[in-house]
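Undergrad: Got a structure for you, questions after.
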Amino acid sequence: MSYVFVNASEYARYKSDCSAVLKSTCHTLKEKGISAQFTLVGSGARGLVTRNGNGPFDLDYNLEIIKAPKEYWDDLRKLKDTVRVALDNSEGFDCFSDSSDSTSCLTAILHFNDSPEIEFSFDVAITTRNENGNLMRLIHNKNIWGVGYDQYVWNEIPNSHNIKEKADILKKTNMWLDVRERYLIKKNTYLSRHDHDHPSFIVYVETINELFHEIFDRYKS
């Protein structure tokens, strides 16, 4: 099996449903003093949604924490749990299974007719920005050191600043077909390596940065 692109018309309804759920989530968080905004990122935002063969597909969202009371910055487990509960109880979420807590995101799954077969899923990464403007993802390292201890840390996404601006430049310079081709190649390369540490958004950031710097270096020389 390998990744192929999904037609935009096929995922339009799911995109609308996810937006409604995340708007409700942000409203609930605001009541707790947490200011957050959600963004459809990477593949979904740029028409690069993929699926493995005929399998289900997903959309990736960043839930960026803008402001929060000190208690949440001091206790990242509490922050992630608070977001998870708000998501699971949000308006419109009842058709999804309760979100599962993976290392780098919360994943909500939609099943076909209450069967085990997956129809669609969406991932929500909890993010914030550092002083350089780069995104940092909230990472949950489970059972670290094998002693039953869980670690919650912010993990910087290198070179994630100005990704939208770089993508816009590539589009204006007629490089978007190159972006699509490179993105698909990278996705399938990681798939062939059984590498699960490169979610779609990370692959997208890598692709945009690689091609942007190739173009920049060409003009520089």
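Per my numbering, the very first residue in the sequence shown carries number 670; after that it's consecutive. Quick reminder that beta carbons are idealized off the backbone N, C-alpha and C, glycines included.
1) State buried or exposed for G724, treating a residue as buried only when at least 16 other CB atoms are found within 10 Å of its CB.
2) Quick one, which of R851, P868, S861, T694 has its alpha-carbon nearest E883's?
3) Whole angstroms are fine: how far does the CA of A705 sit from the CA of I734?
4) For the stretch 685-697 against the stretch 754-774, do three or more pairs of beta-carbon atoms, one drawn from each stretch, fall closer than 8 Å, so that the two count as touching?
5) For D783, which option in S771, S766, T772 has the closest C-alpha, if you only look at C-alpha atoms?
6) Check whether the Cβ atoms of L853 and I826 lie closer than 7 Å to each other.
7) For T842, does the count of other Cβ atoms within 10 angstroms reach 16, so buried, or fall short, so exposed?
8) Among S771, H780, L807, which one has its Cα closest to the Cα of V865?
9) Judging by CA-CA distance, which residue of T776, K811, D792 is the nearest neighbour of G711?
10) For A737, which residues in the same chain have their Cβ closer than 6 Å to its Cβ, ignoring the five residues on either side in sequence?
11) Would N824 and R806 qualify as a contact pair, given that the criterion is a beta-carbon distance under 7 Å?
12) Which same chain residues end up closer than 6 Å to L698 when comparing Cβ atoms and leaving out the 5 residues on each side of it in sequence?
13) Pull the bridge partners of M805 from the DSSP assignment, please.
14) Name the two residues that bound the continuous alpha helix (DSSP H) containing H696.
15) Mind checking N731: buried by the 16 CB within 10 Å criterion, or exposed?
16) Put I838 into one of helix, strand or coil per three-state DSSP.
17) Going by DSSP, what residue range makes up the beta strand (DSSP E) through E850?
18) Hey, how far is the Cα of S773 from the Cα of N801?
19) Going by other Cβ atoms of all chains shown within 10 Å of its Cβ, with 16 needed for buried, is D837 buried or exposed?
TA: Walking through what the data contain:
1) As a position in the sequence shown, residue 724 is number 55, starting the count at 1. By the 10 Å Cβ count, G724 comes out exposed.
2) The residue labelled residue 883 in the question sits at position 214 within the sequence shown. With distances taken between CA atoms, E883 lies nearest to R851 out of R851, P868, S861, T694.
3) Translated into the one-based positions of the sequence shown, residue 734 becomes position 65. Translated into the one-based positions of the sequence shown, residue 705 becomes position 36. Using only the alpha carbons, I get a separation of about 5 Å.
4) yes
5) In the sequence shown, counting from the first residue as 1, residue 783 sits at position 114. Ranking S771, S766, T772 by Cα distance to D783 puts S766 first.
6) Taking the first residue of the sequence shown as position 1, residue 853 is located at position 184. Taking the first residue of the sequence shown as position 1, residue 826 is located at position 157. Contact: no.
7) Position 173 of the sequence shown, counted from the start, is the residue given in the question as residue 842. It is exposed - the Cβ of T842 has fewer than 16 other Cβ atoms within 10 Å.
8) Residue numbering aside, residue 865 sits at position 196 when the sequence shown is read from its first letter. Before going further, note that residue 865 is His rather than Val in the sequence given. Among S771, H780, L807, the Cα nearest to that of H865 belongs to S771.
9) For this step, residue 711 is matched to residue 42 along the sequence shown. Looking at the Cα atoms, D792 is the closest of the given residues.
10) The residue you call residue 737 lines up with position 68 of the sequence shown. Around A737: I703.
11) As a working mapping, residue 824 is identified with position 155 in the sequence shown. As a working mapping, residue 806 is identified with position 137 in the sequence shown. Contact flag set, yes.
12) Position 29 of the sequence shown holds residue 698. Answer for L698: A705, A755, listed in chain order.
13) Counting from 1 along the sequence shown, the entry for residue 805 is found at position 136. Per DSSP, T797, E825.
14) Sequence index remark: in the sequence shown, residue 696 carries index 27 (1-based). From DSSP, the alpha helix (DSSP H) with H696 extends over 677-700.
15) As a first step, residue 731 must be located in the sequence shown, where it is residue number 62. Flag for N731 reads buried.
16) Numbered from 1 along the sequence shown, position 169 holds the residue referred to as residue 838. Note: I838 maps to helix in three-state DSSP.
17) Counting from one through the sequence shown, the residue named residue 850 turns up at place 181. Counting along the chain, E850 falls outside any beta strand (DSSP E), though it belongs to the alpha helix (DSSP H) covering 845-861.
18) Translated into the one-based positions of the sequence shown, residue 773 becomes position 104. Translated into the one-based positions of the sequence shown, residue 801 becomes position 132. Taking the straight line from one Cα to the other gives about 21 Å.
19) Here residue 837 refers to the residue found at position 168 when the sequence shown is read from its first residue. With fewer than 16 other Cβ atoms within 10 Å, it is exposed.
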